[in-house]
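S.K.: Residue numbering for the sequence shown follows my numbering, starting at -13 and increasing by one per position. No residue lacks a Cβ here, since even glycine has one placed at the ideal position from N, Cα and C.
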Amino acid sequence: MSEALLRVDRAAKHFRVSRSIGDVFAGRHRVVKAVDGVTFALGKGESVGVVGESGCGKTTLGRMLLKLIAPSEGAIEFDGVDIATLSGDALLDFRRRAQLVFQNPFDALNPRFTIKSALAEPLKNTHVPKGEHEARMLEAMQRVRLQDVEAYYGQYPHQLSGGQLQRVVLARALVLEPEFIVADEPVSMLDVSVRAGILNVMREIGEEMGIAAIYISHDLALVRYVCSRTITMYLGMVVEDGPTEEVVRRPQHPYTQALVKAVPTPHLDQSHDELPIRGGMPNPLNPPSGCRFRDRCPYAFARCAEETPPLRQVAPKHFAACHLHDQAA
Ligand code: SF4
């Protein structure tokens, strides 16, 4: 991996949930461990996909990486500095360098702002000199392949298609010339017919601009197209981390194996195939002991209920958290 831009060290996010009457009388506070001890590093210019079902903690992790919510435990370093310590000008600088690409382009833009105003807003908010605005906006619009820039500038969000809007949302992130973006399900709200165009733009952004990126998705096919490395999360924990082609061709964790089998074949109604594993995600308030995947795992054995498997190296740059690898060793 190239030099690390981001280091995540045992980051956790615990949310207290509202208490029932019984909890109040018993003096109990119940906690959901949405993210529970995640550790990884992201190199400069590296694109990493974070995959897993809804509720696996990937969106919470993405928000922690951008300092939109604070970790309950652990630390996140950006360019060698713990982001928890950032304030004032240093926080403003971080906000310029690290950007979120919203999932829903229809909600991401203020309907009363023209496209030009929407693009200028982050430049103003982060005190970029006014003399740089025009050139930065023009370059960002060209990067996302919106060619007739002057025509777009005067339009309002409701006048654009979903695909055009998502390109504007991307351009709005790029005007700040970030070094790091988090894209949370960046095409899930778009029609299938325009997704490929957006994904091509995202891939080019990574290759040409050298922006490090975390792509959060339930869709391994998307991640395979855009990311060189893939992390699988299950119930708040990383269960696999490796080069994307390795993870897709030779998944080492039974949960990733199920995700790979469920890579959607195109359905006209945009539905997805069911995961080929039994049951749904366990209640995060009361996760299984030991390996959290054990209730759904076809290979579970006695030890899986007793010990949480650590991430172990199973191949070059490829890690998995499963006792089967310990047995094989
Ligand atoms: Fe399955 Fe056990 Fe491996 Fe968990 S540790 S994935 S339950 S075999």
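For residue 359, which of helix, strand or coil comes out of DSSP?
M.R.: Limits of the chain in this structure are -13 at one end and 315 at the other, which puts residue 359 out of reach.
S.K.: Under 6 Å Cβ to Cβ from residue 273, same chain only, skipping five residues before and after it: list those, please.
M.R.: So the list reads 221, once near-sequence residues are dropped.
S.K.: Alpha carbon to alpha carbon, how far is residue 69 from residue 85? Give it in angstroms, no decimals.
M.R.: Rounded to whole angstroms, residue 85 to residue 69 spans 14 Å at the Cα level.
S.K.: Could you check which residue in 19, 40, 62 has the C-alpha nearest to that of residue -4?
M.R.: When only C-alpha atoms are compared, the closest one is 62.
S.K.: At what residues does the alpha helix (DSSP H) containing residue 233 begin and finish?
M.R.: First-last of the alpha helix (DSSP H) with residue 233: 230 to 235.
S.K.: How big is the Cα-Cα spacing for residue 120 and residue 6?
M.R.: Between residue 120 and residue 6, the C-alpha separation is close to 55 Å.
S.K.: Using three-state DSSP, classify residue 95 as helix, strand or coil.
M.R.: DSSP places residue 95 in coil when its eight states are reduced to three.
S.K.: Taking the straight line between their C-alpha atoms, what separation do you get for residue 209 and residue 113?
M.R.: For residue 209 and residue 113, the distance between alpha carbons rounds to 34 Å.
S.K.: Who are the near neighbours of residue 254 in its chain, counting only those whose CB is closer than 6 Å to its CB and skipping five residues on each side?
M.R.: For residue 254, the pLDDT reaches just 43, beneath the cut-off of 50, and the residue's location in the model is therefore unreliable, although a value from the coordinates is still provided. None.
S.K.: At a cut-off of 8 Å, would you count residue 280 as near the ligand SF4, judging by its Cβ distance to the nearest heavy atom?
M.R.: It does: the Cβ of residue 280 is within 8 Å (strictly closer) of some heavy atom of the ligand SF4.
S.K.: Taking all protein chains shown into account, decide if residue 238 is buried (16 or more other Cβ within 10 angstroms of its Cβ) or exposed.
M.R.: Answer is buried; the Cβ neighbour count reaches 16.
S.K.: Can you tell me the Cα-Cα spacing of residue 194 and residue 218, whole angstroms?
M.R.: Those two C-alpha atoms are separated by around 26 Å.
S.K.: If you pair each beta-carbon of the segment 95 to 112 with each one of the segment 182 to 189, do three or more pairs fall below 8 Å?
M.R.: Cβ pair count under 8 Å is below three, so no.
S.K.: State the start and end residues of the unbroken beta strand (DSSP E) segment that holds residue 60.
M.R.: Residue 60 -> beta strand (DSSP E) spans 59 to 64.
S.K.: Using the three-state DSSP reduction, which class does residue 85 fall into: helix, strand or coil?
M.R.: Looking at residue 85 - three-state DSSP - the assignment turns out to be strand.
S.K.: Going by beta-carbon coordinates alone, are residue 83 and residue 164 separated by less than 9 Å?
M.R.: Yes. Within cutoff.
S.K.: Can you tell me whether residue 235 is buried or exposed, with buried defined as 16 or more other CB within 10 angstroms of its CB?
M.R.: Its Cβ having fewer than 16 others within 10 Å, residue 235 is exposed.
S.K.: Please go through the segment 107 to 193 and give each complete alpha helix (DSSP H) segment of 4 or more residues, from N-terminal end onward.
M.R.: Listed in chain order, the complete alpha helix (DSSP H) runs (minimum 4 residues) inside the segment 107 to 193 are 119 to 129, 135 to 139, 148 to 160.
S.K.: Do residue 278 and residue 286 come within 9 Å of each other at the CB atom, strictly closer than that value?
M.R.: Going by C-beta atoms, residue 286 is not nearer than 9 Å to residue 278.
S.K.: I'd like the span of the alpha helix (DSSP H) that includes residue 11, first residue to last.
M.R.: Start and end: 7 to 12.
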